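The sequence shown begins at 7 in the numbering used here and counts up by one.
We treat Cβ as the ideally placed atom computed from N, Cα and C, and that holds for glycine.
These numbers were taken from a predicted model, which means no experiment stands behind them.
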Amino acid sequence: MLFNSIDFAIFLPIVFVIYWFLTAKNLKHQNIFLLLCSYLFYGWWDWRFLSLIMASSLIDFYVAQKIEASSNHKKRWLLLSITMNLGLLGFFKYFNFFLDSLTQSFTFFGVPLEANRLDIVLPVGISFYTFQTMSYSIDIFRGTIKPTKDLVTFLGYVSFFPQLVAGPIERASRLLPQFENKRTFNFDSAKAGLYQLIYGLFKKIVIADSCAIYVDEIFAHHQDQSSLVLLLGIFYFSIQIYADFSGYSDIALGTAKLFGFELITNFKMPNFSRDAGEYWRRWHISLSTWFKDYVYIPLGGSRGGKWMIFRNTMLVFLISGLWHGASWNFVIWGGLNGLLFLPLIITNQHRQNMDTVAPNRFLPTIKEAFQVLTTFWLITFTRIFFRSDTLTQATEYASRLFSFNTQGSIALPGIERYAFEIIPLTMVFIGYEWLKRHRQDQMIANKMELAFIFMMLFIFGVYSNVQNFIYFQF
7 MLFNSIDFAI FLPIVFVIYW FLTAKNLKHQ NIFLLLCSYL FYGWWDWRFL SLIMASSLID
67 FYVAQKIEAS SNHKKRWLLL SITMNLGLLG FFKYFNFFLD SLTQSFTFFG VPLEANRLDI
127 VLPVGISFYT FQTMSYSIDI FRGTIKPTKD LVTFLGYVSF FPQLVAGPIE RASRLLPQFE
187 NKRTFNFDSA KAGLYQLIYG LFKKIVIADS CAIYVDEIFA HHQDQSSLVL LLGIFYFSIQ
247 IYADFSGYSD IALGTAKLFG FELITNFKMP NFSRDAGEYW RRWHISLSTW FKDYVYIPLG
307 GSRGGKWMIF RNTMLVFLIS GLWHGASWNF VIWGGLNGLL FLPLIITNQH RQNMDTVAPN
367 RFLPTIKEAF QVLTTFWLIT FTRIFFRSDT LTQATEYASR LFSFNTQGSI ALPGIERYAF
427 EIIPLTMVFI GYEWLKRHRQ DQMIANKMEL AFIFMMLFIF GVYSNVQNFI YFQF
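If you want it as structure tokens, here you go:
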């Protein structure tokens, strides 16, 4: 079920009313109802994959009990959890990728190898909920949390529908207690949640989906475009992916607030970052912190000098790239972002810029503006590999972009009303976010702003095509 669909527009108010008016007096009933609604929400896409999320949840629920009770075999039980989770993820997401890579390697060395690919459907959200359940087992093993004895509570934690499909990736230490403690309706919190949900829909429908039409056409016909149009293509994609993914996160956080839950903030204005380190502290925060706690620190973290810091950082970005997709495009994208850290590590500046840019000022300094623009465009250039369907397309796109070719056409097939007029729309969006950069979870502050957002949603909602969220594919 898509957040930007009629189905969800009907589903949400029905669930909200039943949740608060019929189950509010009994916590157990609330949790059971949320669990059933979450499974309905997920099964709306393909009911067959409900068995997969149930199996993953039951394994980690059982393993957690064994880890807690065991004195000599904790590592074995943890290994079972990690193996099962990564095994499921590896089969559904990476089987064909590794198979293709293997056959290509043999062919490269003059030994042709034939192998039949499997027709595998990637379950929506599998990368998110496997990381969520796996972190639960690891935290039990580390002794930072205690396992829950309530199966319904745990199943609800794994499948909580606002953040099930594309995050944020919640830790058990944050979300499980919210399932275990009584929740009462709070009007102010629900109002804030509704406003955040509406702003998330604005990002998705008005900004992301508008940019998507132009981005799709430019990448599909990149061989015929001038360097300027290709530059606009990656600019629009940077705006699209931010508005699309942070829009999803806003809808998830806002929806959770309607039911008395607080999820982790997943984005903190990353487009106003002054270096790559700051950018990745502000983008997809739940995944960045997950990799820091469960990959970077176990590898040695920042211990051992600059070379170790860079090695561990690079490994995290390469793994993160592969997490995003079963393609060498994503691995290269991850590697390029890792390389952006190198000068910061050499100069010991990878942990600077922890505060919001231009605090207590309307405009940034010239230095800050230069840093923000430089960081934005460096990150944007790496996204050529993220957005391209193949490695060949990515290299062709980059080659033509940096050839400074002035020949090409902007009369792209399939585009009737989208062209350079999207630039003012994106500029207004960026300007609005700049003004609100200190209030990231309260973007709509008054009724006038709310009326404007509703007007834009109506205008663009009528003409725009409903599109999946980008991160559904991961």
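Among the options, whose alpha-carbon lies nearest the alpha-carbon of residue i?
i      : options                        : result
TYR201 : PHE475, VAL69, GLN448          : GLN448
TYR68  : PHE55, TRP83, TYR285           : TRP83
SER62  : HIS79, TYR163, ASP52, LYS155   : TYR163
LEU238 : ARG357, TRP383, ASP215, HIS35  : TRP383
SER11  : TRP51, LEU42, PHE22, LEU41     : TRP51
ILE240 : LEU170, ARG389, LEU56, HIS356  : ARG389
GLU74  : LEU18, GLY149, TRP26, ASP13    : GLY149
THR136 : MET314, ILE436, THR89          : THR89
SER233 : PHE323, PHE408, LEU463, LEU456 : PHE408
SER141 : TYR300, ASN187, CYS217         : TYR300
LEU236 : GLN246, PHE225, ILE20, ILE245  : PHE225
ILE245 : MET454, GLN479, PHE17, GLY437  : GLY437
GLU186 : GLU439, PHE458, PHE14, LEU40   : LEU40
THR412 : TRP329, SER326, LEU42, GLN231  : GLN231
ALA214 : LEU293, LEU431, SER87, TYR48   : LEU431
LYS209 : TYR25, PHE435, ALA30           : PHE435
ASP194 : PHE98, SER405, ASP222, ALA451  : ALA451
VAL127 : PHE410, ARG287, ARG54          : ARG54
ARG443 : SER308, LEU456, ARG367, ILE372 : ARG367
ILE428 : GLY327, GLU439, CYS217         : CYS217
LEU321 : LYS31, TYR25, TYR302, THR398   : TYR302
ARG393 : TRP339, PHE464, GLU374         : TRP339
PHE251 : LEU203, THR295, PRO183         : LEU203
Taking the alpha helix (DSSP H) that residue i belongs to, which residues open and close that run?
i      : result
SER232 : Looking at the DSSP string, SER232 is not in any alpha helix (DSSP H), and its letter there is neither H nor E.
PHE323 : 312 to 330
ALA15  : 12 to 27
GLU176 : Unbroken run through GLU176: none, as it is neither H nor E.
ASP145 : 132 to 148
ARG406 : 397 to 407
PHE289 : Looking at the sequence shown, residue 289 is not Phe but Trp. TRP289 -> no alpha helix (DSSP H), and no H or E assigned at all.
ASN91  : 80 to 95
THR566 : Nothing can be reported for residue 566: it is not among the residues displayed for the chain, which extend from 7 to 480.
VAL5   : Absent from the structure is residue 5, since the part of the chain shown begins at 7 and ends at 480.
TRP383 : 372 to 393
ASN335 : 334 to 345
VAL434 : 428 to 441
LEU58  : 56 to 75
TYR163 : 157 to 165
ASN37  : 33 to 49
ILE351 : 348 to 352
Assuming residue i and residue j are in contact, meaning their beta carbons sit under 8 Å apart, how far apart are those beta carbons, in whole angstroms?
i      : j      : result
ILE351 : PHE316 : 5 Å
PHE475 : TYR254 : 5 Å
GLY306 : THR190 : That belief does not hold up - the Cβ atoms of GLY306 and THR190 are roughly 45 Å apart, past 8 Å.
SER179 : ILE219 : So it is not a contact: roughly 42 Å between Cβ atoms.
ALA198 : SER143 : Going by Cβ atoms, the distance from ALA198 to SER143 rounds to 33 Å, so no, they are not a contact pair.
PHE14  : LEU264 : About 13 Å; that fails the 8 Å criterion.
VAL337 : LEU346 : Contact doesn't hold; Cβ gap of about 16 Å is too wide.
LEU293 : ILE385 : With a Cβ gap of about 16 Å, LEU293 and ILE385 do not count as contacting.
GLY131 : LEU170 : 6 Å
MET462 : VAL212 : 5 Å
MET275 : GLU439 : 6 Å
Within this structure, are the beta carbons of residue i and residue j separated by less than 8 Å?
i      : j      : result
ILE38  : VAL158 : yes
PHE460 : ILE257 : no
TYR45  : SER165 : yes
HIS228 : TYR100 : no
THR154 : PHE160 : yes
THR261 : ILE291 : no
TYR477 : ALA172 : yes
PHE243 : ASN335 : no
ASN192 : ALA282 : no
VAL363 : ARG445 : no
PRO168 : LEU58  : no
PHE278 : TRP289 : no
PRO365 : VAL378 : no
LEU42  : TYR48  : no
ASN359 : GLU284 : yes
LEU28  : LYS188 : no
GLY327 : GLY311 : no
Using a threshold of 7 Å, is the CB atom of residue i nearer than that to any non-hydrogen atom of the ligand GTP?
i     : result
ARG54 : Among the components modelled here there is no ligand, and therefore nothing to report on the ligand GTP.
Point to revise | Whole alpha helix (DSSP H) elements within the region 185 to 240, 4-residue minimum | key: Taking only runs of at least 4 residues, the alpha helix (DSSP H) segments lying wholly in the region 185 to 240 are 193 to 207, 215 to 226.
Practice item. With a floor of 4 residues, list each alpha helix (DSSP H) that falls wholly inside the region 245 to 302, ordered by position along the chain. Key: Whole alpha helix (DSSP H) segments, 4+ residues: 282 to 288, 291 to 297.
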